[in-house]
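Colleague: Submitted below is the structure of interest, expressed as structure tokens.
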Amino acid sequence: MKANISSGDKATKVGGIFNSEHKAKATFDILNNDENFVKQSIRLIPPHDQHYDEKVEPEDKKIAKTMLKSHLVFAVVGLVVGVIIASILFLLEFEFLQQHILETYVSISILCTFVGVLIAGAFSLRPDHDDLINNIREATRSGLWAIVVHTDSHEEMEKAKDLMQPHAVSISTTL
């Protein structure tokens with residue numbers, strides 16, 4: 403059994419900004435008619451949409467589960483690494499550590515556990531989403547239309563970009 407602790411299995415998002423309803427709906431229809439995309443993965447966002455965030459990031463519960471899972475996995479890995487480091491230091495027979503065995507194991511294990519949790523937090527941030535989210539937010543506030551396509555592969559992402567390119571004012575993607 404393979405544990406995937408990153409945020410998404412090669413899933414990416416493509417966001418296009420359109421300066422007219424006609425161009426946005428035409429592109430939306432083109433994407434919907436393409437067999438490479440699942441219709442539920444394509445979201446049309448009208449100007450001034452107060453719920454654009456739900457269309458850009460609809461998987462909030464999945465994100466929370468992934469974050470919890472990654473933090474737990476990295477914490478356990480940190481704990482194990484801490485115990486290994488403390489054991490190595492104990493085997494090197496430092497006099498101070500020999501006298502304070504329990505304190506050595508506890509302190510090093512706690513530090514390594516915290517480092518593991520910090521690393522999990524760094525993986526969970528997903529700064530690559532910021533550009534797309536900010537572009538969609540600014541576009542909807544400015545009265546522009548947007549389309550977000552949730553893709554499962556790099557090939558689908560490229561296909562979505564190619565289909566949006568003729569009509570879009572700008573295109574943003576996530577990694």
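Numbering (the numbering used here), first residue to last: 403 to 577. Even glycine gets a Cβ: it sits at the ideal position worked out from N, Cα and C.
1) Look at residue 477 and residue 515 and say whether their C-beta atoms are less than 7 Å apart.
2) What does the alpha-carbon distance come out to for the pair residue 487 and residue 468?
3) Ordered along the chain, which non-local residues of its own chain (more than five positions away) have a Cβ less than 8 Å from that of residue 411?
4) With a CB to CB cut of under 8 Å and the five nearest residues on each side skipped, what residues in its chain are close to residue 434?
5) For the stretch 478-498 against the stretch 517-528, do three or more pairs of beta-carbon atoms, one drawn from each stretch, fall closer than 8 Å, so that the two count as touching?
6) Can you round the beta-carbon distance between residue 415 and residue 575 to whole angstroms, since I take them to be within the 8 Å contact cut?
7) Assign residue 527 to buried or exposed, taking buried as 16 or more other Cβ atoms, counted over all protein chains shown, within 10 Å of its Cβ.
8) In angstroms, rounded to a whole number, what distance separates the CA positions of residue 552 and residue 495?
9) Please list the terminal residues of the continuous beta strand (DSSP E) segment that includes residue 556.
10) If we call anything under 7 Å between Cβ atoms a contact, is residue 417 one with residue 538?
11) Is the distance from the Cβ of residue 546 to the Cβ of residue 421 below 7 Å?
12) For the putative contact between residue 430 and residue 549, defined by C-beta atoms under 8 Å, what is the C-beta separation to the nearest angstrom?
Modeller: The short version:
1) Cβ atoms of residue 477 and residue 515: closer than 7 Å.
2) Each residue's alpha carbon lies about 28 Å from the other.
3) Any reading at residue 411 must be qualified, since the residue scores a pLDDT of 49, below 50, and its modelled position is unreliable; no value is offered.
4) 441 and 444
5) Enough Cβ pairs lie closer than 8 Å, so yes.
6) 7 Å
7) exposed
8) 56 Å
9) Residue 556 -> not in any beta strand (DSSP E); alpha helix (DSSP H) instead, spanning 556-566.
10) yes
11) The criterion of a C-beta distance shorter than 7 Å is satisfied by residue 546 and residue 421.
12) 6 Å
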